Amino acid sequence: MNEGSLLIDQFPLESGGCLTNAEVHYRWRGNLHHQPVVWVFHALTANDNPEEWWFGLFGSSGIYGENYAVVCVNVLGSPYGSASPVRGNLRGMDFPAVTVRDTVRAQFAVAAELGINKIHTLIGGSFGGYQALEFAYGFRGTVDHLILLATGAEEKPWNKAIHEAQRLAMIADPTLAEGDGAVGLKAARGIGMLNYRTPEQYNSSQKDDPESLGESRAASYIRYQGQKLVDRFDAAAYFKLTQQLDTHNLGRGRGGLAEALGGVMVPTLVMAIDSDALIPPAVQEELHQFLPNSTFRLLKSAFGHDGFLLEFEQITKHILDFYND
Numbered sequence: 302m303n304e305g306s307l308l309i310d311q312f313p314l315e316s317g318g319c320l321t322n323a324e325v326h327y328r329w330r331g332n333l334h335h336q337p338v339v340w341v342f343h344a345l346t347a348n349d350n351p352e353e354w355w356f357g358l359f360g361s362s363g364i365y366g367e368n369y370a371v372v373c374v375n376v377l378g379s380p381y382g383s384a385s386p387v388r389g390n391l392r393g394m395d396f397p398a399v400t401v402r403d404t405v406r407a408q409f410a411v412a413a414e415l416g417i418n419k420i421h422t423l424i425g426g427s428f429g430g431y432q433a434l435e436f437a438y439g440f441r442g443t444v445d446h447l448i449l450l451a452t453g454a455e456e457k458p459w460n461k462a463i464h465e466a467q468r469l470a471m472i473a474d475p476t477l478a479e480g481d482g483a484v485g486l487k488a489a490r491g492i493g494m495l496n497y498r499t500p501e502q503y504n505s506s507q508k509d510d511p512e513s514l515g516e517s518r519a520a521s522y523i524r525y526q527g528q529k530l531v532d533r534f535d536a537a538a539y540f541k542l543t544q545q546l547d548t549h550n551l552g553r554g555r556g557g558l559a560e561a562l563g564g565v566m567v568p569t570l571v572m573a574i575d576s577d578a579l580i581p582p583a584v585q586e587e588l589h590q591f592l593p594n595s596t597f598r599l600l601k602s603a604f605g606h607d608g609f610l611l612e613f614e615q616i617t618k619h620i621l622d623f624y625n626d
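Structural data, given as structure tokens:
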């Protein structure tokens, strides 16, 4: 995919702060003015190249292959190119509080820079769905379709509690403020991994030899996943991004969730995962209840929340049916 960056001299934040010389990194491919544009929003620790982490949809053989133009913007606070704790004047834990709405306003600026005022599809899962919903609410151009996976209209107390547990683990690492915060980040990722999959999957895939007294496979797996994130991410960015997640509430200052969702008239496909413990199906049913032009589909998956990244066959089928309808 092609890469680009937009530099914004002064970017005021919803919390009252301001980013100076804020860089917004994005990728695109295809002809943005002659092909239907799919705007994809990435999840918490992903980057702005969906061909890497959502290959089943955006790879050459996916539903959004060469017949579509594609845009993806790296969120504010992420270490993959946009203004964040690793880039700009305010680094590390000094990076200011950014909300989901701030991130989406930066994406509106990218749309204006690229001359995009008509979008075929907005699509996002989890944190990506938060952004997609905010984008659909506030975009002043035309959006033909909205696709939301494993996501909701607000961050629920359950999710905020998980994030606080992660942040407490990170704060307990004395190197968070001045060093790399690697130990805390590894612990925080371990907490997250307990919510991305299901007990059934852990119990089947991480079984131990009943005769062994050595280290359990589950313990090794959690440490492995933590180290993988440490090797590619930034601790302060992770800390700040969990705080950004906690700001998500489409109804804030807009008359509440029901009224705000009622203003999103875009035809919408809402997909939930039956085994998702992080953002359960009831949260997506709430979206379906209040979005006036929505379709609800339940995916069956053993993968829990991570099913939105893995169940390509089911997702593709439901998207095609949605388009045809």
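Position one of the sequence shown corresponds to residue 302 (the numbering used here), numbered consecutively onward. Cβ atoms here follow ideal geometry from the backbone N, Cα and C, with glycine treated the same way. Model, not experiment: these values are computed from the prediction.
- Beta-bridge analysis with DSSP links Glu-304 to Arg-328.
- If you look at Ala-437, you'll find it in the alpha helix (DSSP H) that goes 428-439.
- In summary, Met-566 is exposed, with fewer than 16 beta-carbon neighbours lying within 10 Å of its beta-carbon over all protein chains present.
- DSSP places Ala-454 outside any beta strand (DSSP E), giving it a letter other than H or E.
- The beta carbon of Leu-320 is closer than 6 Å to those of Phe-312 and Ala-384 in its chain, skipping five residues each way along the sequence.
- For Ala-488, the CB contacts under 6 Å within the same chain, skipping 5 residues up- and downstream, are Ala-470 in chain order.
- Setting aside the 5 residues that flank it on each side, Ser-595 is surrounded in the same chain by Thr-569, Val-571 and His-589, each with a C-beta closer than 6 Å to its C-beta; the list follows chain order.
- 7 Å or more divides the Cβ of Asp-403 from the Cβ of Leu-423.
- Shown here, Trp-355 sits in coil according to DSSP, grouped into three states, outside any helix or strand.
- Boundaries of the beta strand (DSSP E) around Ala-573: 569-574.
- DSSP, read as helix, strand or coil, puts Gln-502 in helix.
- Considering only Pro-397, Asn-375 and Val-339, the residue with the shortest C-alpha distance to Gln-408 is Asn-375.
- With a threshold of 16 other beta carbon atoms within 10 Å, Asn-332 falls short and is exposed.
- Put simply, the backbone Cα of Leu-621 is about 48 Å away from that of Gly-480.
- According to the DSSP secondary-structure assignment, Ala-323 is paired through a beta bridge with Ile-309.
- Scanning its chain for C-beta atoms nearer than 6 Å, with the 5 sequence neighbours on each side dropped, one finds around Glu-612 the residues Leu-600 and Ser-602, in chain order.
- In the DSSP assignment, no residue is bridged to Leu-546.
- Secondary structure note for Phe-396: it is in no beta strand (DSSP E), with a DSSP letter that is neither H nor E.
- Short of 6 Å from the beta carbon of Arg-392, and not among the five residues preceding or following it, lie these beta carbons of its own chain, in chain order: Pro-386.
- As computed with DSSP, Leu-558 is found in no beta bridge at all.
- DSSP, reduced to helix, strand and coil, places Thr-476 outside both helices and strands of the structure shown, so it counts as coil.
- Inter-residue distance for Val-531 and Phe-396 is about 19 Å (C-alpha atoms, whole angstroms).
- Three or more Cβ pairs closer than 8 Å define a contact, and the stretch 578-585 falls short of that threshold against the stretch 535-552.
- In its chain, beyond the 5 residues on either side, Glu-324 and His-326 have a beta carbon closer than 6 Å to the beta carbon of Ser-306.
- CA-CA distance, Pro-475 to Ala-536, rounds to 12 Å.
- Contact between the stretch 425-433 and the stretch 335-348 is present: 3 or more CB-CB pairs across the two stretches fall below 8 Å.
- The three-state secondary structure of Asp-622, taken from DSSP, is helix.
- Taking the CA atoms as reference points, His-606 sits about 33 Å from Gly-317.
- Counting the other Cβ atoms within 10 Å of the Cβ of Glu-456 gives 16 or more, which makes it buried.
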